[in-house]
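> Residues in the sequence shown are numbered from 1 upward in steps of one, following UniProt numbering.
Take a look at this one; I'll ask things after.
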Amino acid sequence: MAFGGGAALGFTPSYSMHPLIAKVTQVQWLNGSRREDFTLDIDSAISQIQREKPALTFITTPNNPTGSTVTIDEIEKIAKSTSGLLIVDEAYAEFSLEPSAVTLIEKYPHVVVIRTMSKAFAFAGVRLGYLIADPAVIDAMFLVRLPYHLSALTQAAAEVALDFKSELLGTVAQLRAARDHVAAQLTDMGLNVTPSASNFLLFSGFEMPSAQLWQAMLDRGVLIRDVGLLGHLRVTIGNEAENSKFISTLSACLGEK
1 MAFGGGAALG FTPSYSMHPL IAKVTQVQWL NGSRREDFTL DIDSAISQIQ REKPALTFIT
61 TPNNPTGSTV TIDEIEKIAK STSGLLIVDE AYAEFSLEPS AVTLIEKYPH VVVIRTMSKA
121 FAFAGVRLGY LIADPAVIDA MFLVRLPYHL SALTQAAAEV ALDFKSELLG TVAQLRAARD
181 HVAAQLTDMG LNVTPSASNF LLFSGFEMPS AQLWQAMLDR GVLIRDVGLL GHLRVTIGNE
241 AENSKFISTL SACLGEK
């Protein structure tokens with residue numbers, strides 16, 4: 001597929017690295033569309049896939065940067081309707097209560113699930129990602145993988161992390177609760193919050209330009225994300241003190257409009 005064969009399709013806005021990876025491997029990238037609220041219309045998605053016939057389709061759930069999810073039933077509906085590889089990016093899956101698409105692989109061998117230890121495991125410095133797929137897909141991946149893809153130390157660290165996954169993932173439930181609390185606070189401030197199943201919230205409804213609000217927050221020592229969506233900003237959920245600082249600073253900035 002790489003270097004001139006086939007096309008890849010994803011539904012934007014979504015993870016920004018997917019089209020960049022397509023670009024550096026000279027794979028045609030196709031921008032699929034979402035609803036205005038950034039959720040995925042499954043029937044429309046299937047129509048787009050069947051029309052474009054990509055060799056590879058990306059579904060990111062929970063979606064980055066919006067936090068919205070695609071249910072396991074919806075993923076299966078897409079899997080039934082496409083013959084190309086269906087890549088389900090579950091980088092933030094530990095924060096969601098939705099079952100993993102791993103459960104579909106036996107029935108749909110063209111489904112591939114990709115995950116990372118950078119988010120819920122707080123292991124970003126290790127730069128460790130992995131995939132779960134049908135053995136035939138794994139065999140094909142071995143043919144094209146880089147020769148020095150993971151060091152022995154990285155693999156050993158990952159194995160230790162898995163041994164202590166209960167401890168490392170112990171804060172996930174707390175983060176979910178904190179996320180919902182911050183979302184309620186933002187709503188009480190009159191802002192619009194995109195429903196999220198991740199560890200971040202995308203919000204809008206403020207009057208000043210998003211770049212101006214982002215800078216005002218930064219000037220007060222609070223760094224949030226401008227993800228390039230007009231009129232939207234994104235905040236990652238932290239501990240109680242960090243969340244309180246975010247809310248109070250945002251309130252102060254909006255009060256100066």
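The C-beta atom is built at its ideal place from N, Cα and C for all residues, glycine as well.
None of the values given here were measured: they were computed from a predicted structure.
Can you check whether the CB of Arg-127 is closer than 9 Å to the CB of Thr-154?
A Cβ-Cβ contact shorter than 9 Å links Thr-154 with Arg-127.
> Quick one: residues in its chain with C-beta nearer than 7 Å to the C-beta of Asp-226, no 5 flanking neighbours on either side, listed in chain order?
Ser-210, Ala-211, Trp-214, Leu-233
> Quick check on the DSSP output: what are the complete alpha helix (DSSP H) runs of length 4 or more inside the stretch 63-139, in order along the chain?
72-81
> Mind reading off the beta-carbon distance from Glu-90 to Thr-61? Whole number of angstroms is fine, and I expect it under 8 Å.
7 Å between Cβ atoms; contact.
> Reducing DSSP to helix, strand and coil, say where Phe-206 ends up.
coil
> Using only alpha-carbon positions, find the residue among Ile-59, Thr-249, Met-141 that is nearest to Ala-101.
The shortest C-alpha separation from Ala-101 is found at Ile-59.
> For the stretch 193-204 against the stretch 72-80, do three or more pairs of beta-carbon atoms, one drawn from each stretch, fall closer than 8 Å, so that the two count as touching?
no
> Out of Gly-32, Ala-7, Ser-47, Ser-33, state which residue places its alpha-carbon closest to the alpha-carbon of Val-24.
Ala-7
> If we count the other Cβ atoms within 10 Å of its Cβ and call it buried at 16 or more, is His-149 buried or exposed?
Looking at its Cβ environment, which holds fewer than 16 other Cβ atoms inside 10 Å, His-149 is exposed.
> Taking 8 Å as the cut-off, is the CB of Arg-176 close to at least one heavy atom of the ligand PLP?
The model on display carries no ligand, and the ligand PLP is accordingly not part of it.
> Between Glu-240, Phe-246, Gly-231, which has its C-alpha nearest Leu-223's C-alpha?
Phe-246
> Hey, out of Tyr-15, Arg-34, Asn-64, Ala-120, whose CA is closest to Gln-174's CA?
It is Ala-120.
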